[in-house]
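Peer 1:
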Amino acid sequence: MSFGNLLAIALCIFLVGCEKHSWEGLVYPKTGKVPYDLALGHFSTLEECRAAAKAVLSKTHAEEGATPEYECGYKCTIGASPPPPGMLATRICEETAK
């Protein structure tokens with residue numbers, strides 16, 4: 091096998107291995123305790139993100155009168171401004187869904 095073929099194979103493996111998951115899960119449990127917001131991580135599909143967020147929210151106890159929420163963001167970037175304590179940095183996403 092030539093060096094060029096090996097290089098092409100290595101490049102393909104590298105690119106596949108570095109592919110980012112497109113959906114990011116964010117949960118706002120509204121418990122009144124720090125951390126106020128939670129980042130769940132990255133997911134391959136919207137359905138995976140929703141399932142993870144709903145699982146976390148099912149185990150939280152919101153403040154009286156508050157409704158816990160979540161959102162899944164597609165291809166998000168993090169804003170430059172530092173967040174207040176206990177809160178997540180601002181995400182700028184191509185799309186958001188629940």
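Residue numbering for the sequence shown follows the numbering used here, starting at 91 and increasing by one per position.
Cβ coordinates follow ideal geometry from the N, Cα and C atoms, glycine included.
For clarity, every value in this text was computed on a predicted model and none was experimentally measured.
1) Judging by CA-CA distance, which residue of 112, 115, 131, 120 is the nearest neighbour of residue 156?
2) Closest to residue 126 by CA distance: which of 137, 185, 174, 143 is it?
3) Given residue 131, which residues of its chain have a CB within under 7 Å of its CB, disregarding the five upstream and five downstream residues?
4) Could you check what DSSP says for residue 178 in three-state terms: helix, strand or coil?
5) Within 10 Å of its beta-carbon, does residue 176 have 16 or more other beta-carbons around it, so buried, or fewer, so exposed?
Peer 2: According to the data block:
1) 120
2) 174
3) 115
4) coil
5) exposed
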